[in-house]
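As structure tokens, the structure follows; a few thoughts come after it.
4 protein chains.
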Amino acid sequence: MIKAGIIGASGYAGEELLRLLATHPSVEVVAATSRNLAGKKISSVHTNLAGFYNKLIFENLSNDDIKTLCDVIFLAVPHGASMDIVPELLEKSKCKIVDLSADYRLKTAEFEKTYGHPHKDPREAVYAIPEVHDVAAELKNSKNPRLIANPGCFPTGATLAVAPLAKTGVLENVIFDSKSGITGAGNTPTETSHFPNLTENIIPYKLTAHRHLAEMKQEISRLQPGFSNVCFTPHVIPAARGIMTTAHVFTKEKYTTKDVKEIYSEFYENKPFVQLVDGVPSLLNVRGSNFCHIGIEAEAANNRIVITSAIDNLVKGASGQAIQNMNIMFGLKETEGLWFPGLP
Amino acid sequence: MIKAGIIGASGYAGEELLRLLATHPSVEVVAATSRNLAGKKISSVHTNLAGFYNKLIFENLSNDDIKTLCDVIFLAVPHGASMDIVPELLEKSKCKIVDLSADYRLKTAEFEKTYGHPHKDPREAVYAIPEVHDVAAELKNSKNPRLIANPGCFPTGATLAVAPLAKTGVLENVIFDSKSGITGAGNTPTETSHFPNLTENIIPYKLTAHRHLAEMKQEISRLQPGFSNVCFTPHVIPAARGIMTTAHVFTKEKYTTKDVKEIYSEFYENKPFVQLVDGVPSLLNVRGSNFCHIGIEAEAANNRIVITSAIDNLVKGASGQAIQNMNIMFGLKETEGLWFPGLP
Amino acid sequence: MIKAGIIGASGYAGEELLRLLATHPSVEVVAATSRNLAGKKISSVHTNLAGFYNKLIFENLSNDDIKTLCDVIFLAVPHGASMDIVPELLEKSKCKIVDLSADYRLKTAEFEKTYGHPHKDPREAVYAIPEVHDVAAELKNSKNPRLIANPGCFPTGATLAVAPLAKTGVLENVIFDSKSGITGAGNTPTETSHFPNLTENIIPYKLTAHRHLAEMKQEISRLQPGFSNVCFTPHVIPAARGIMTTAHVFTKEKYTTKDVKEIYSEFYENKPFVQLVDGVPSLLNVRGSNFCHIGIEAEAANNRIVITSAIDNLVKGASGQAIQNMNIMFGLKETEGLWFPGLP
Amino acid sequence: MIKAGIIGASGYAGEELLRLLATHPSVEVVAATSRNLAGKKISSVHTNLAGFYNKLIFENLSNDDIKTLCDVIFLAVPHGASMDIVPELLEKSKCKIVDLSADYRLKTAEFEKTYGHPHKDPREAVYAIPEVHDVAAELKNSKNPRLIANPGCFPTGATLAVAPLAKTGVLENVIFDSKSGITGAGNTPTETSHFPNLTENIIPYKLTAHRHLAEMKQEISRLQPGFSNVCFTPHVIPAARGIMTTAHVFTKEKYTTKDVKEIYSEFYENKPFVQLVDGVPSLLNVRGSNFCHIGIEAEAANNRIVITSAIDNLVKGASGQAIQNMNIMFGLKETEGLWFPGLP
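Residue numbers (the numbering used here), protein chains in the order written: chain A, 1 to 344; chain B, 1 to 344; chain C, 1 to 344; chain D, 1 to 344.
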């Protein structure tokens, strides 16, 4: 059994790792840290886990403690905290690390521009959306084969929506109009997450300057070099989970829906977690699962294609993809512990 | 024009008073106090009021200031704060007061038992559900004809549900299983109001010991002296507004649905805000309005009657009823400024 | 009192006309037709109206009957039905007509292209968004001064979002990504309106070919002649009411947010129902009201401006705007019967 | 592998069986029938299953066909249809049957009284809530050891809520005030399931005469012989899944919360799917899972105990419990294929 530790296990990403790993046949969670909850039973905090993890309690462990206990560490900490932890963990242990924060996703220069302060540990991690990159090969070739930067939720939905077209090199202009469930904003109650403010509403935010834009541009330009004509406007919808990305894609040439479907079918062949659907995808059909469902409709008249993609922001957009990446790191089958349908 | 002041205008009850008074033909709001928001324009905080109250700003007024400006003062302050303010306002001005807090609702002894601390101002106010009591007459006979204790939201829905049967003296046992929108808990974000915790859920709370129980018992026993066999369990539903009260009523004798409907029709004759409906009421049909809709179904076999009542907790359960009571205090038509339908 | 009739009073638009006209000081509803509901009391069907319209019942009236009873007729019938009724009503009576259907919105040629069949009555009506056009003047100059084509819900939100920029002539490319409450789809239960399919979801539909696109293009090109670079993708959100339009606007030149706000302030001066808000608008702040709230944010780097507009689809997007237009037709104050805040 | 067939696989119960069995290690679904959907791929209808059941299509199979294919048959047909199918399946094959309909739940006399028509096949099945009855033993002793009557959703939540007290023989009066997600009403769109009617609402229905009452009475009186003082009022809440039962229990003697918790702990020892929680349970914590969470609070003053239980109506209230019962029938571990946490 792979021994796993979760640093920052009290938030949504940590909770979701615990939920998913509870039934992973090759992993045992041996440590879950939380300063605030130290001493409490896991299932007394995350009550959906009653019956699981009967002996596991939240602990306030040092890095030293955790690295001796674990084969793999998931960092589910706030952005900015990972770069304080990773160097020591990598250098003083054999642990593999999957970092769910934003710290190692961007090239250092882009990180500093986007976040407005220097990066404390400018080492490169492997940024891993396994349906877009050959993660196993990239790890092999990396200077840091034990460090994966797990992608952001919006960039996962957005990149999967346009990757096949980007790879074909035909993007001219892309506007991502994304709609996310409110769990994306974390489990601390806020004005936006206050039920009377969100029910029967939809809340656009960071209309022109969300930090995930840099990540989208970086990843899409790896597929279509030189392309940077990307806009991104996120919204919060009255839903707990899920990201629906509506990608308004303008291309250099005209396409029919059939053309585009062929490009996507080929690109996503043998990628079990990406499923092309007739019509439009539904957040409910991917809920709780690691799937990404994609719908395609071309508007030849305007050289426009509307791609819609649906993921669960906490699974394919965070903890599920982290486990998928862990599976790859350890040479397990990519789908292990993740092969179950969404919960409509 | 009646000059009105609202003390505590930043919360839901205050916001709702501002919404309702914006179109009241006989009232002008001249003061709205809030310590935190002092200096801000009303409509910059309560954006639904953009276009209204163009000159009104939140102020941090002293009692002295406010009592010289106003003919009527609405107290929309946290429970416990009114009893610090009322004595001075009553004694040093001619202002009329409608207190939306719980401070003057219970007889002093019952208050102290329920809230666990002494009452600072044990004077009696007129507790006013106008469909149950003759408020004008009670004010006339009161030692404190300028002080109205505006009822709580749950007690309003519960009392209206059973008053006609209580008046008939036939109650044996009543269980109020009430379901409230989350605005009843105020506008500060909490774990319970956090969207992911409430959506697709229903949250029972204070199962056996909610403070409103004392208020229910007091009012129902005024109608059926000696009766105290009342249980109350509230729930929060995934809705912003509204209280659905399911009253499980056991009676001394058997009734048919028709019998009960006659009792209610007679009791609520000439009470424009109470409407008996076929089948069951809907929170949507009373939303935003001062109406209470009531449905009736008897189960003769068990000497049981199920009464369902629907109100908007912020209107009939708080600010609307406060204005209705103000209308009565000033000799206006009870419905003035409040006669519009619910918003489904 | 203006005597009003509503043809098709059983649907959402009809219901909303009844709700709004219940408190209009200058209008009395004298007829409400519905074939299916004929004989039923209005308030037994639209229970939110209990206490109003105590004598009004749904009737199955002929055009002859209705035109002798009414000064104004609201057509709240399915698209395609108005053109069967309008000619006779106009020619054989003095009635004024506000048509809420799509029949008279488009120029005849465009109508036939969009709807795929001939128009039975190719007369021109006055298409009336009063904040964009001088409706009174247009009526005066029209050959059909008694016929108003009331705009569609999506086109109202979209046109108000970009009209000031279009008038300035600077649009280069506009993508409307619109999000509507499900009442826009009518009150017949469908797969899309089935609660388990919509809750916690957002459903994109007619991604490239919604019929309202033609209406948007027609109206925007009246402001910026020759401009037709408009894309439109609607979504249904888990909400009953409201349309949030996210307009991704690409302009010929760069603008700052401040620049754009000045253009909008000037354009919408003296238009009481359009309010510019800081940040982004909220569907809740306009709910139940005739307001349109607009937020503005420019992204100078990309020559892009994101305009967000919020309306209630059943009020400003249908019945409220119809009454606003009726007010103008009859020389009443535009805001009469409509001047109340939204219900958050 | 156990070969399973699902008759009536297009409804919610059938869909949920397919979802759950997709990952059951000992079961292969070999047939799924639906008259309307015959010929369609499973995953084209239940899109959450994209990636699963790649070869399975809906078929319009005869009973003859299905009984030769299957070791176990799940009947997910409308009430009244099972009794037409069961006799032939039992008598002409070796198939085991789990009937999810109401047909075999009640003793024949009670069935006829409740449903108002004769029962076509008055044989006794084993009614199986495995936490309340020893299902394996009952099957062994039954004349019909191959037929399980799977309990109704409300009776499951209600019976689990009070079984330990009933077993102790102390019930005096029980009122079940139950709140269900709308999937309980099936997947055909109706007025009640129409999103604008249910959002921000709660709908009481069948206030005194729901058919599940007979089932509750039958099962509770098996535990406390002679007891029939049970009332039941269901509500629909704006949620897709879940049943929250608020059981207002009046007992012959006084209990403290601690007393009651001990009774429940003992009763549910070694019942992995029932978990006692601190405070109140949450529908979200059991969503998608086979768990029942129970909260307990006693009000000694009134001899009242409020028990709250939460289940997923489609899992523990239907398909999950059906699989649990199938596991028992085949001598598998009760939790096989069902041991995963809820999805909050």
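Glycine included, every Cβ here is placed at the ideal spot set by N, Cα and C.
Taking D:Val-274 as the centre and dropping the five residues before and after it, the same chain places the C-beta of Glu-131, Leu-160, Tyr-268, Cys-292, Ile-294 closer than 7 Å to its C-beta, in chain order. With contacts defined as CB atoms closer than 8 Å, B:Ala-22 and B:Phe-52 qualify as a contacting pair. Straight-line spacing of the CA atoms in B:Ile-311 and D:Lys-271 works out to 42 Å. Exposure of B:Glu-191 is indicated by the presence of fewer than 16 other C-beta atoms within 10 angstroms of its C-beta. The residues Ala-128, Ile-328, in chain order, have a CB closer than 6 Å to that of C:Val-135 in the same chain once the five nearest residues on each side in sequence are set aside. Contact between B:Leu-106 and B:Ala-163 is ruled out by a C-beta separation of about 18 Å, above the 8 Å threshold.
Identification of chain C residues near A:Pro-204 by a Cβ-Cβ cut-off of 8 Å yields Met-244, Thr-246, Val-280, Gly-295, Val-306, Thr-308, ordered along the chain.
Counting C-beta pairs with one atom in each stretch, the segment 4 to 23 of chain B and the segment 63 to 81 of chain B have three or more that are closer than 8 Å, which means they touch. In the DSSP annotation of this structure, the continuous segment of the alpha helix (DSSP H) that includes D:Leu-89 starts and ends at 82 to 92.
Scanning chain B for C-beta atoms nearer than 9 Å to the C-beta of D:Glu-200 yields Gly-181, Ile-237, Pro-238, Ala-239, Ala-240, Arg-241, Gly-242, Leu-283, Leu-284, Arg-287, reported in chain order. For secondary structure counted as the alpha helix (DSSP H) over 4 or more consecutive residues, the segment 245 to 292 of chain C holds these complete runs in sequence order: 257 to 267, 283 to 286. Sixteen is the threshold: when 16 or more other Cβ atoms of the shown chains lie within 10 Å of the Cβ of C:Met-244, as they do, the residue is buried. With contacts defined by Cβ atoms closer than 8 Å, D:Gly-342 and D:Asn-302 do not form a contacting pair.
In the structure shown, C:His-212 falls within a helical segment according to DSSP collapsed to helix, strand and coil. The beta carbon of A:Phe-154 does not come within 8 Å of any beta carbon belonging to chain B, so the residue lies off that interface. For B:Asn-54, no CB of chain D lies under 8 Å from its own CB, so it is not counted at the interface with that chain. Against chain B, the beta carbon of C:Val-277 has neighbours under 7 Å at Thr-47, Ala-50, listed in chain order.
Two segments are said to touch when three or more pairs of C-beta atoms, one from each, lie closer than 8 Å; by this definition the segment 222 to 240 of chain A touches the segment 182 to 202 of chain A. The beta carbon of B:Glu-215 is closer than 6 Å to those of Arg-105, Gly-152, Pro-155 in its chain, skipping five residues each way along the sequence. The DSSP assignment places 320 to 329 as complete runs of the alpha helix (DSSP H) inside the segment 290 to 335 of chain B, in order along the chain (cut-off: 4 residues).
By the rule that beta-carbons nearer than 8 Å mark a contact, B:Asp-312 does not touch chain D. When secondary structure is reduced to three states using DSSP, A:Val-162 falls in the helix class.
Counting C-beta pairs closer than 8 Å gives three or more between the segment 88 to 95 of chain A and the segment 61 to 74 of chain A, which meets the contact rule.
The beta carbons of B:Leu-314 and B:Thr-251 sit no closer together than 8 Å. Taking the Cα of A:Ile-307 as reference, the smallest distance to any Cα among A:Phe-340, A:Ser-93, A:Val-249 is reached at A:Val-249. Secondary structure note for C:Gly-5: its beta strand (DSSP E) is the uninterrupted segment 2 to 7. In the displayed model, C:Val-132 falls within coil according to three-state DSSP, outside both helix and strand.
Using a Cβ distance threshold of 8 Å, C:Ala-318 and C:Glu-16 count as a contacting pair. Per the C-alpha coordinates, the member of A:Asp-121, A:Gly-169, A:Ala-76, A:Ala-102 positioned closest to A:Asn-187 is A:Ala-76. Nearest neighbour of D:Ser-221 by Cα position, chosen from D:Arg-304, D:Val-170, D:Gly-14, D:Ala-149, turns out to be D:Val-170. Closest in alpha carbon position to D:Glu-336, among D:Asn-290, D:Tyr-264, D:Glu-219, is D:Asn-290. Minimum Cα-Cα distance from A:Pro-145 among the listed residues A:Val-30, A:Lys-96, A:Ala-102, A:Pro-189 corresponds to A:Lys-96. For A:Gly-242 against A:Gly-181, the beta-carbon gap comes to about 5 Å, under 8 Å, which counts as contact. Residue A:Ser-26 holds the alpha-carbon nearest to the alpha-carbon of A:Gly-331 among A:Arg-19, A:Leu-18, A:Ser-26, A:Tyr-12. Counted as a single uninterrupted DSSP element, the stretch harbouring C:Phe-52 is not any beta strand (DSSP E), since DSSP gives it neither H nor E.
Under the Cβ distance rule, B:Thr-208 counts among the residues neighbouring chain D, one pair being separated by less than 8 Å.
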